[in-house]
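This report refers to the structure that appears directly beneath it.
Residue numbers (my numbering), protein chains in the order written: chain A, 519 to 729; chain B, 60 to 308.
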């Protein structure tokens, strides 16, 4: 019979890959909804910049297996399964999104910001019509980095029963079966590559019309 | 009373201190309606600062700036700025907006309806000698430096503000294009009767544009008068500027 892993585990790969994608898409979605407003906030309230970026930075340094473990005893958002996995992935994704939102907005040419203010734009108008559109490629680059990282870390979420491609990897490790490990690792890498290229293309598209 | 009606902006003993150092001090002068006042000075002489005090980008530490007889601190700053056109060097246009959106910016902020904005934009582009059908849909990076400055002027004129502030708008242009735009702008300013405050370090530009020249030196206004009067001024800074053109010839 055919022993090639992609064929042997084909149907299972598809179910697990879908689970994997759901984990990533939901957490990146939540992280974006939290991270972009936070990034904007710290461009307006400079004294919040250090604490917010510092906190997101610390989250990033927690080893992923430890993060999943730490969430197990936590009520509501913790335990095992998909919910704590999404919480952990969201926390990991915050830093690149917050940081790039902040960098993107503060990187807007001061002369452009000033000419907007000088013509009587309110802070909200300046943010929505000038700063956000101009910062968008940088913000998207943050989302892109966060996504690629989350796709990798999501494989470890299988350790707390969240499903995903990590199932193959953990099973493969415990049974010393490299075909199983590959059945998890190769599709995960492929998804990361595709996501990277797709968001990269979107970034390029938003660059059009400006320099 | 009738005399006050002729004054667009009044500086009353204005000092601005930043970081413990005065950027401008004891400025007292009037800007008359319909005049083109050129603030001339070296880099760091306080001319741009003086200009930004008018549209409340800077707030006086002492004294007050009156716009239409009301102190800029009492104005709603958004309303005040929309009554004042603002043009700065090249970078002022929004790179992600088309020419049409750039020029229509203030009318759009003022919530004019879109057909009215469109008509106004086309009218303004024609006024600055740009063919609307050819330029309306371009982005700033698709224009030459001179064309960009024309768009900048059109944008500042969009909501028909009585006063325009211009901070070295033609500074980055080649000398031929610059003279062309200066002369055209002079004609436009006289035709429309706008009050213009123009900041430059270029003495030649001052002579082309000014109905009056204000010479700034070390945060002070050391001379204010017509170009003719400027030529005979005894102030050492005025002499130094005049020598620049004499030397060039």
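Beta carbons: idealized from backbone N, C-alpha and C, even for Gly.
All figures in this text were calculated on a predicted structure; none of them were measured in a lab.
Per DSSP, residue 80 of chain B is one residue of the beta strand (DSSP E) stretching across 80 to 91. Within chain B, the residues whose beta carbon sits less than 9 Å from that of residue 648 of chain A are 153, 155 and 156, listed in sequence order. Each of A/540, A/554, A/594 and A/529 was checked against the Cα of residue 646 of chain A, and the nearest Cα belongs to A/554. Apart from sequence neighbours up to five positions away, the residues of its chain that approach residue 189 of chain B with a beta-carbon distance below 6 Å are 209, ordered along the chain.
What residue 643 of chain A touches in chain B, judged by beta-carbon distance under 8 Å, is 168, going in chain order. For residue 202 of chain B, the closest Cβ of chain A is not nearer than 8 Å. As computed with DSSP, residue 226 of chain B is found in a beta bridge with B/258. Rounded to the nearest angstrom, the gap between the Cα atoms of residue 723 of chain A and residue 658 of chain A is 11 Å. Sequence-distant partners of residue 622 of chain A (beyond 5 residues in either direction) whose C-beta falls short of 6 Å from its own C-beta, in its chain, are 653, 656 and 657. Note that the C-beta distance between residue 706 of chain A and residue 665 of chain A is not below 8 Å.
Residue 197 of chain B sits in coil when the DSSP states are folded into three classes, being neither helix nor strand.
Between residue 161 of chain B and chain A, the shortest Cβ-Cβ separation is not below 8 Å.
The straight-line gap separating the alpha-carbon atoms of residue 100 of chain B and residue 275 of chain B is approximately 5 Å.
Ranked by how close their Cα comes to the Cα of residue 578 of chain A, the residues A/648, A/650 and A/608 have A/608 in first place. Look at residue 279 of chain B here: in three-state DSSP terms it is strand.
For residue 708 of chain A, no Cβ of chain B is located within less than 8 Å of the residue's own Cβ. Looking only at B/94, B/85 and B/227, the smallest Cα-Cα distance to residue 247 of chain B is reached by B/94. Straight-line measurement puts the Cα of residue 591 of chain A at about 6 Å from the Cα of residue 597 of chain A. Secondary structure of residue 152 of chain B (DSSP, three-state): coil. Using a Cβ-Cβ cut-off of 8 Å, residue 655 of chain A does not count as an interface residue toward chain B, since no Cβ of chain B sits closer than that to its own. Residue 291 of chain B counts as exposed, since fewer than 16 other beta carbons sit within 10 angstroms of its beta carbon.
Taking C-beta separations shorter than 8 Å and ignoring five residues to either side along the sequence, residue 235 of chain B has no partners in its chain. Using beta-carbon distances, residue 256 of chain B does not count as an interface residue toward chain A, since no partner is under 8 Å. Going by DSSP, residue 301 of chain B is part of the alpha helix (DSSP H) stretching over 295 to 307. Per the Cβ contact rule, the segment 613 to 621 of chain A is not in contact with the segment 140 to 147 of chain B (fewer than 3 Cβ pairs under 8 Å). Counting C-beta pairs with one atom in each stretch, the segment 257 to 274 of chain B and the segment 170 to 187 of chain B have fewer than three that are closer than 8 Å, which means they do not touch. When DSSP assignments are scanned along the segment 566 to 621 of chain A, the uninterrupted stretches of alpha helix (DSSP H) that are 4 or more residues long and fall wholly within it turn out to be 567 to 579 and 582 to 589. DSSP, read as helix, strand or coil, puts residue 662 of chain A in helix. Under DSSP, residue 71 of chain B shares a beta bridge with B/123. By the C-beta density criterion, residue 630 of chain A is buried, having at least 16 other C-beta atoms within 10 angstroms.
Excluding the 5 residues flanking it on each side, residue 158 of chain B has same chain C-beta neighbours closer than 6 Å at 194, 195, 197 and 210, in chain order. Distance from the CA of residue 565 of chain A to the CA of residue 550 of chain A, rounded to the nearest whole angstrom, comes to 22 Å. Not a single C-beta of chain B is nearer than 8 Å to the C-beta of residue 673 of chain A. Shown here, residue 147 of chain B sits in coil according to DSSP, grouped into three states, outside any helix or strand. Counting other Cβ atoms within 10 Å of its Cβ, residue 118 of chain B stays below 16 and is therefore classed as exposed.
Contact holds between the segment 106 to 125 of chain B and the segment 66 to 85 of chain B, because three or more Cβ pairs, one in each stretch, are under 8 Å apart.
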